[in-house]
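Going by our numbering, the sequence shown wraps up at 225, each residue one higher than the last. Glycine included, every Cβ here is placed at the ideal spot set by N, Cα and C.
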Amino acid sequence: MKLAQTAFRSEDVFTQREFRRWLGDLPPSNINHYELLDGRIVMTPPAGWTHGSIGNRIGVRIGQHVQEQRLGIVFDSSAGYELPSGDTLEPDVSFVSTKRFATQPPRTPNQFLRMAPTLVIEILSPSTARRDQTEKKDIYARNGVDEYWIVDPAKKIVTVFHLTRRRYGAGRSFKTGRIRSRVLPQVDLSAEDVFSL
């Protein structure tokens, strides 16, 4: 495979099937994350402990609520999605509602989910910030992800975007207080909870 000079994005274009095969050929010692965006393989190095801690905190809090209310399933960054657009993404935290999960194709263990999640949460890091705020945001909107959160650890802000006609509006930012979600309106999670280390 020929990589671009940045070593983060392939020059060659791949299908989802080719991407799966390519991932299968990687050595087990490879700790990087790979996604397929607009047919190009994009490599993301490990983000660091702050990123992981925030993702875990959000996932646990939302996961407890979702499980108690039997609303669906919450996934961490190890779950990837083969989206209808041909992109394959691994959000930091994602939620699939029971209704959406039931209407999708049968799932194969240890494979990507072939659906769009209901809610996606991406945590910004220096290597992903631009992509999360532009390219991936557009991909999630095109594929019908109802709600998209961008978590900015540097600014300590969570911005929530809602889908309207395959586009996200301006979004609402939370620096303090309870984060308001339309997808999970009863979840009790504050900006302070997200960023407390």
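Assigned secondary structure, residue i (DSSP; H/G/I helix, E/B strand, else coil)
i	result
F223	helix
V186	strand
S81	helix
F129	helix
F47	helix
R193	coil
V88	helix
I167	helix
R206	strand
Local Cβ density within 10 Å of residue i, reported as buried at 16 or more and exposed below that
i	result
A182	exposed
P55	exposed
T34	Confidence at T34 is low in this model, with a pLDDT of 36, below 50, so the placement of that residue is unreliable and no value is reported for it.
E96	exposed
K30	Because the pLDDT of K30 is 40, which lies under 50, any placement of that residue in the model is unreliable, and the question is left without a value.
V77	It is worth fixing the name first, because residue 77 is Trp in this sequence and not Val. Label assigned to W77: exposed.
K127	exposed
T136	exposed
P119	buried
G52	exposed
Residues that residue i bridges to, as DSSP identifies them
i	result
Y62	M71
D180	I185
Y109	L117 and L141
G52	In the DSSP output, where bridge partners are listed per residue, G52 has none listed.
V148	S122 and Y176
V94	Note: V94 sits in no beta bridge, so no partner.
T136	T136 is not bridged to any residue.
G100	S125
S153	None; S153 has no bridge partner.
S218	R206
S57	According to DSSP, S57 bridges with nothing at all.
R200	V188
8 Å contact criterion, which residue i and residue j should meet: CB distance rounded
i	j	result
G172	A130	Between A130 and G172 the Cβ distance is about 16 Å, and since that is not below 8 Å, they are no contact.
D104	V121	6 Å
S113	R68	The Cβ separation is near 13 Å, so there is no contact.
D66	D115	7 Å
Y176	V148	5 Å
task = Would you check if there are 3 or more beta carbon pairs closer than 8 Å linking the region 81-97 to the region 206-225?
result = Output reads yes: the region 206-225 touches the region 81-97.
key: the region 170-187 touching the region 199-207, judged by at least three CB pairs closer than 8 Å   = The region 170-187, when compared against the region 199-207, does touch it at the 8 Å Cβ threshold.
request  = Check whether the region 144-163 touches the region 40-54, counting contact only when three or more Cβ pairs, one atom from each stretch, lie closer than 8 Å.
outcome  = no
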